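Engineer:
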Amino acid sequence: MGGFRFVLPVLVCVAACSAPAPQPPPPPPAECAHYDAGPVDAALGHRGFVLTLTNCGTATRAVSGYPDVQVLGPEGRGLDVPVERGTSYMAIDPGPGTFTLAPGKSLVSVVSWANTVTDGEVLTGSALGVASRPGEAPQRLPVETDLGTTGEITVTAWAEELAR
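For the sequence shown, position 58 matches number 58 in UniProt numbering, and the numbering has no gaps at all.
1) Which residues in the same chain have their Cβ closer than 6 Å to the Cβ of residue 98, if we skip the five residues on either side of it in sequence?
2) Buried or exposed for residue 119, going by 16 or more other Cβ atoms inside 10 Å?
3) Going by DSSP, what residue range makes up the beta strand (DSSP E) through residue 84?
4) Check for me: the beta strand (DSSP E) holding residue 140 runs from which residue to which?
5) Looking at the structure shown, is residue 118 part of a helix, part of a strand, or coil, going by DSSP?
6) Restricting to Cα atoms, I'd like to know which of 130, 157 and 147 is closest to residue 42.
7) Count the other CB atoms within 10 Å of the CB of residue 21; is the residue buried (16 or more) or exposed (fewer)?
8) Jot down the residue ranges of each uninterrupted alpha helix (DSSP H) in the region 15 to 75, minimum 4 residues, whole runs only, in chain order.
9) Are the CB atoms of residue 144 and residue 126 nearer to each other than 8 Å?
10) Going by DSSP, name the residue or residues bridged to residue 131.
11) Throw me the rounded Cβ distance for the residue 100 and residue 62 pair, which I believe falls under 8 Å.
12) Could you pull out every residue in the same chain whose Cβ sits closer than 8 Å to the Cβ of residue 134, ignoring the five residues on either side in sequence?
13) What are the boundary residues of the beta strand (DSSP E) that includes residue 123?
14) Please look up how many angstroms separate the CB atoms of residue 90 and residue 112, rounded, as I've assumed it's under 8 Å.
15) Suppose you measure from the CA of residue 92 to the CA of residue 83; what does that come to, to the nearest Å?
16) Comparing the CB of residue 28 with every heavy atom of the ligand PLP, is any distance shorter than 7 Å?
17) Between the region 72 to 79 and the region 33 to 52, can you find at least three pairs of beta-carbon atoms closer than 8 Å?
Written out as structure tokens, the structure reads:
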């Protein structure tokens with residue numbers, strides 16, 4: 001009797017078996033800063049959010065004073081918005097300090113503004129340029145700042161925790 005013979009294909013491991021092992025990711029840089037904008041809170045026409053700076057590098061990072069913040073328009077260009085340093089309706093300023101930020105550690109600041117609309121042109125920013133110190137290349141954070149006609153923001157000094 002004639003029967004059927006089944007032939008199973010033999011798979012040859014050529015490409016997968018000869019591929020080089022994946023390379024480990026490159027080590028983190030010595031100097032690295034990561035910024036995070038918390039949710040914007042509102043209170044009686046005022047707005048504010050907690051800005052967090054995390055040292056994502058492998059070396060300690062010297063940080064002092066206040067964050068360098070600039071309001072950006074939709075095209076990414078800086079708007080003519082004054083930045084005040086100190087206490088606002090949304091936060092108490094702890095005053096400038098000096099910190100040695102270890103890798104993985106964070107500092108906070110509060111960025112706030114009023115949304116008052118009286119007479120004049122209403123101003124809204126679509127993002128913020130943020131750096132831990134003047135002269136450092138800013139990172140862009142997508143935070144809408146509905147400044148109304150007040151046209152200014154206030155930042156508190158860097159701190160290990162929010163002032164109460």
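Idealized CB from N, CA, C, for every residue including glycine.
Note that the structure is a prediction, hence the values are computed from the model and not measured.
Structural biologist: This is what the structure holds:
1) For this step, residue 98 is matched to residue 98 along the sequence shown. Cβ neighbours of residue 98 beyond the five flanking positions: 64.
2) Your numbering for residue 119 matches position 119 in the sequence shown. Residue 119 should be labelled exposed.
3) Here residue 84 is taken as the residue at index 84 of the sequence shown, counted from 1. Note, residue 84: beta strand (DSSP E), 83 to 85.
4) The sequence position of residue 140 within the sequence shown is 140, counting from 1. Counting along the chain, the beta strand (DSSP E) containing residue 140 begins and ends at 139 to 141.
5) The residue given as residue 118 occupies position 118 in the sequence shown. DSSP places residue 118 in coil when its eight states are reduced to three.
6) Reading the sequence shown from its first residue, position 42 is the one you call residue 42. Considering only alpha carbons, the answer is 147.
7) Position 21 of the sequence shown, counting from 1, holds the residue named residue 21. So residue 21 ends up on the exposed side.
8) 15 to 18
9) Within the sequence shown, numbered from 1, the residue matching residue 144 stands at position 144. Within the sequence shown, numbered from 1, the residue matching residue 126 stands at position 126. Against a cut-off of 8 Å, the Cβ pair of residue 126 and residue 144 comes out as a contact.
10) On the sequence shown, position 131 is the one that residue 131 refers to. Paired residues: 68.
11) As a position in the sequence shown, residue 100 is number 100, starting the count at 1. As a position in the sequence shown, residue 62 is number 62, starting the count at 1. Yes, they are in contact, since the Cβ atoms of residue 100 and residue 62 sit about 6 Å apart, within 8 Å.
12) What you label residue 134 is simply residue 134 of the sequence shown in a count that begins at 1. Same-chain partners within the cutoff: 68.
13) In the sequence shown, counting from the first residue as 1, residue 123 sits at position 123. Counting along the chain, the beta strand (DSSP E) containing residue 123 begins and ends at 123 to 125.
14) Along the sequence shown, one-based indexing puts residue 90 at 90. Along the sequence shown, one-based indexing puts residue 112 at 112. Taking C-beta atoms under 8 Å as the contact rule, residue 90 and residue 112 qualify, at a distance of about 4 Å.
15) Taking the first residue of the sequence shown as position 1, residue 92 is located at position 92. Taking the first residue of the sequence shown as position 1, residue 83 is located at position 83. Going by the C-alpha atoms only, they are around 16 Å apart.
16) No copy of the ligand PLP appears in this structure; indeed no ligand is present at all.
17) no
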